[in-house]
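Participant: Okay, so the sequence shown: first residue is 1311 according to my numbering, each after it adds one.
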Amino acid sequence: MPINIQDVALKAGVCITTVSRVLNQNGRVRESNRQKVLRAIEELGYNPNAAARTLAKGKTEVLGVILPTLNDPFWADLVTAIEQAAFDEGYLVVLALTLDNSDEVIEKHWVKIFSEGRVDGILLVAPEYETDYITELRNRNFPLVLLDNNVNNLKVPSVVVDNLKGGTMATEHLLGLGHTRIGHIAGDLKYQSARERLQGFREAMSRAGVAVRQDWVREGDFHFEKAFQIAGAWLEQPDRPTAIFAADDDMAAAVMEAARELQLKLPDDLSIVGYDDSPFGSRVRPRLTTVRQPARAMAREAVQLLLRYMAAKPPRAKTVVIAPELIVRESARRLP
């Protein structure tokens, strides 16, 4: 017969309630009784629930990942890469979404839940708020690594892509093709990545001596529908832009759709550059020129950084910066 909780209680010389409290970490238990229960579990070969395994090993072998949404193709790819990188190191991943919340309540809630012993460490993707709970985790020395953002003035390890460079590369590519009438559909500017891509666009235009038309810089929030509306309004103008840099590939796809609805030929009538290098970028026609964010490299660096933190080893650097890569395909052409 399989070993059950009554057998554990009998072996340990305690009541079933005490065993249950030890397994579920719920309620006060004398340390001597706790040790008796753990010894009984080991001697009987009882296969306890996850809480008991956590008590016996001193760790959950689970990493928590908190991010705003999976609707963004890049973040979905990043989570997949994190799961693989964690699995390669013997860890599972539990995922929590903040649902693009307009305040910090949900984000703070998940950080609190995870830091109460449910996971061994947290990867916080694109955190929106530079608030006290991050400082609290740092002061408690709870393993925390930020991804796709770094919190100003806080000594929290982070892994980021050089989005400033990426925005510059995308814009300089269009400028190099002879374009000066360039619009930029930015992401949601509450995110550091979107702000830096916009800054890269502005700096590249400035260095080239090309004035930025302020009505051709709009915030698309990383949403297809909003980018579609913005692009449609621009492309209906008699003096429409000849090129558009979209801050992610999903919005670049929206620009393509808006151009086709207006019977514009791509890339003859409009050049487009995206950002992320999502899988569909190589499947659409024309194939999308874009800036690649190396999701696997980001995930690998983040997981390794977190594991070093969990092992009480100092992180290699406060911030690991990963270089983006311009992927030139077919959606941008030289002006005649």
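We treat Cβ as the ideally placed atom computed from N, Cα and C, and that holds for glycine.
The structure displayed is predicted, hence computed values, not measured ones.
If you reduce the DSSP assignment to three classes, tell me which class Ile1554 lands in.
Facilitator: strand
Participant: Tell whether a beta-carbon distance below 9 angstroms holds between Leu1402 and Gly1431.
Facilitator: no
Participant: Quick one: what's got a C-beta closer than 7 angstroms to Lys1536's C-beta in the same chain, skipping five residues either side?
Facilitator: Gly1530
Participant: Starting from Ala1586, follow the beta strand (DSSP E) in both directions and report where the run begins and ends.
Facilitator: A small fix is needed here, since residue 1586 is Asp in this sequence, not Ala. Per DSSP, Asp1586 belongs to the beta strand (DSSP E) from 1581-1586.
Participant: Looking at Asp1579: is its Cβ nearer than 9 angstroms to the Cβ of Thr1600?
Facilitator: no
Participant: According to the Cβ coordinates, are Val1469 and Met1608 closer than 9 angstroms?
Facilitator: Yes. Within cutoff.
Participant: Kindly identify the DSSP beta-bridge partner or partners of Ser1468.
Facilitator: Looking at the DSSP assignment, Ser1468 forms a beta bridge with Leu1456, Thr1629.
Participant: Three Cβ pairs or more, each shorter than 8 angstroms: is that satisfied between the stretch 1512-1531 and the stretch 1494-1501?
Facilitator: yes
Participant: Which stretch, first to last residue, makes up the alpha helix (DSSP H) that contains Thr1408?
Facilitator: No alpha helix (DSSP H) holds Thr1408; DSSP gives it neither H nor E.
Participant: What are the start and end residues of the beta strand (DSSP E) that includes Glu1635?
Facilitator: Run containing Glu1635: 1635-1637, per the beta strand (DSSP E) assignment.
Participant: Is the distance from the Cβ of Leu1484 to the Cβ of Glu1513 below 9 angstroms?
Facilitator: no
Participant: Take Thr1478 and list the residues in its own chain whose beta-carbon comes closer than 7 angstroms to its own, dropping the five residues that flank it on each side.
Facilitator: Gly1510, Glu1513, Ala1514
Participant: With DSSP as the reference, label Ala1436 as helix, strand or coil.
Facilitator: In the structure shown, Ala1436 falls within a coil segment according to DSSP collapsed to helix, strand and coil.
Participant: What's the C-alpha gap between Ala1556 and Ser1641?
Facilitator: 12 angstroms
Participant: Does DSSP classify Val1522 as helix, strand or coil?
Facilitator: Shown here, Val1522 sits in coil according to DSSP, grouped into three states, outside any helix or strand.
Participant: Once the 5 residues before and after Val1372 are set aside, which same chain residues still bring their CB inside 6 angstroms of it?
Facilitator: Leu1402, Val1404, Val1429
Participant: Could you say if the stretch 1387-1402 and the stretch 1445-1454 meet the contact criterion of at least three C-beta pairs nearer than 8 angstroms?
Facilitator: The stretch 1387-1402 vs the stretch 1445-1454: no contact.
Participant: Residues in the same chain with beta-carbon distance under 8 angstroms from Glu1482, minus the five sequence neighbours each way, listed in chain order, please.
Facilitator: Ala1514, Ala1518
Participant: Going by beta-carbon coordinates alone, are Ile1444 and Val1421 separated by less than 9 angstroms?
Facilitator: Taking 9 angstroms as the cut-off, the Cβ atoms of Ile1444 and Val1421 count as close.
Participant: Who are the Cβ neighbours of Asp1382 in its own chain at under 8 angstroms, not counting the five residues just before and after it?
Facilitator: Phe1532, Asp1558, Asp1560
Participant: Check whether the Cβ atoms of Ser1330 and Ile1351 sit closer than 9 angstroms, and answer yes or no.
Facilitator: no
Participant: Excluding the 5 residues flanking Ile1313 on each side, which residues of the same chain have their C-beta closer than 8 angstroms to its C-beta?
Facilitator: Within the same chain, Ile1313 has close Cβ partners Leu1354, Gly1355, Tyr1356, Asn1357.
Participant: Report the CB separation of Leu1616 from Leu1433 in whole angstroms; it is logged as a contact under 8 angstroms.
Facilitator: 6 angstroms
Participant: Just confirm the distance between the C-beta atoms of Ala1480 and Val1583, as a whole number of angstroms; I'd bet it's less than 8 angstroms.
Facilitator: That pair is a contact at about 5 angstroms.
Participant: Should Tyr1585 and Gly1476 be called a contact, given that it needs their Cβ atoms to be closer than 9 angstroms?
Facilitator: yes
Participant: Using alpha carbons as the reference points, say which of Glu1446, Gly1493, Arg1639 lies closest to Ser1425.
Facilitator: For the residues Glu1446, Gly1493, Arg1639, the minimum Cα distance to Ser1425 belongs to Glu1446.
Participant: Just to confirm, is the Cβ distance from Val1613 to Ala1396 under 9 angstroms?
Facilitator: yes
Participant: DSSP has Leu1402 in a bridge; who is on the other side?
Facilitator: Val1372
Participant: Return the Cβ separation of Arg1639 and Leu1598 in integer angstroms, given the expectation that the two are a contact with Cβ distance under 8 angstroms.
Facilitator: 6 angstroms
Participant: Buried or exposed, going by whether 16 or more other CB atoms sit within 10 Å of the CB of Ala1622?
Facilitator: It counts as exposed.
Participant: Among the candidates Pro1551, Val1522, Glu1567, Thr1552, whose CA atom is the shortest distance from the CA of Phe1534?
Facilitator: Glu1567
Participant: Rounded to whole angstroms, what is the Cα-Cα separation between Gln1394 and Leu1320?
Facilitator: 42 angstroms
Participant: Any idea what DSSP makes of Phe1599, helix, strand or coil?
Facilitator: Here residue 1599 is Thr; the residue named in the question, Phe, does not match the sequence. The answer is strand: DSSP assigns Thr1599 an E or B state.
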